[in-house]
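Visitor: Dumping the structure here so I can ask a few things about it.
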Amino acid sequence: MAQISYNGLWKLLIDKKLKKIELKDLSGIGTTTLAKLGRNEPVSMDVLMKICDVLNCTSNEILEIVPDDTENM
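Per this note's numbering, residue 33 is the first one in the sequence shown, and the count goes up by one each step.
If you want it as structure tokens, here you go:
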């Protein structure tokens, strides 16, 4: 099964000199949701839209679907 990676989000935060807690406050997402992002767990599209709105970016810039290597076996 494919996995989600939010590495793009963390890189974007670094580029914009923002901390995770600042992202939480600006976007209105909860601490539980922020923790899910930190563990590369799925979050709702609504959350992704809030983040993209605050960071002025697209979802392609903050998340990546990483295929599982065993799927082709």
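Where is the CB? At the ideal position from N, CA and C, for every residue including glycine.
Fair warning: this is a prediction, and the values are worked out from it, not measured in the lab.
Name the residue from THR63, ALA67 and GLY40 whose alpha carbon lies nearest to the alpha carbon of CYS84.
Guide: To locate residue 84, count along the sequence shown from 1; it is residue 52. For CYS84, the closest of THR63, ALA67 and GLY40 by C-alpha to C-alpha distance is GLY40.
Visitor: Which of the three DSSP states, helix, strand or coil, is assigned to VAL98?
Guide: To locate residue 98, count along the sequence shown from 1; it is residue 66. Note: VAL98 maps to strand in three-state DSSP.
Visitor: From this set, VAL79, VAL98 and GLU73, which residue's C-alpha is nearest ASP57's C-alpha?
Guide: What you label residue 57 is simply residue 25 of the sequence shown in a count that begins at 1. Nearest option by C-alpha distance: VAL79.
Visitor: Just to confirm, is the Cβ distance from LYS52 to LEU44 under 9 Å?
Guide: As a working note, residue 52 is residue 20 in the sequence shown. As a working note, residue 44 is residue 12 in the sequence shown. In this structure, LEU44 does not lie closer than 9 Å to LYS52 by Cβ.
Visitor: Give the DSSP bridge partners of ILE36, in chain order.
Guide: Taking the first residue of the sequence shown as 1, we reach residue 36 at position 4. Answer by DSSP bridge pairing, in chain order: ILE97.
Visitor: What are the start and end residues of the alpha helix (DSSP H) that includes CYS89?
Guide: Position 57 of the sequence shown, counting from 1, holds the residue named residue 89. Note, CYS89: premise wrong, no alpha helix (DSSP H); not H, not E.
Visitor: Counting only the same chain and skipping the five closest in sequence on each side, list residues whose C-beta sits under 7 Å from that of SER91.
Guide: Taking the first residue of the sequence shown as position 1, residue 91 is located at position 59. Cβ neighbours of SER91 beyond the five flanking positions: LEU80 and CYS84.
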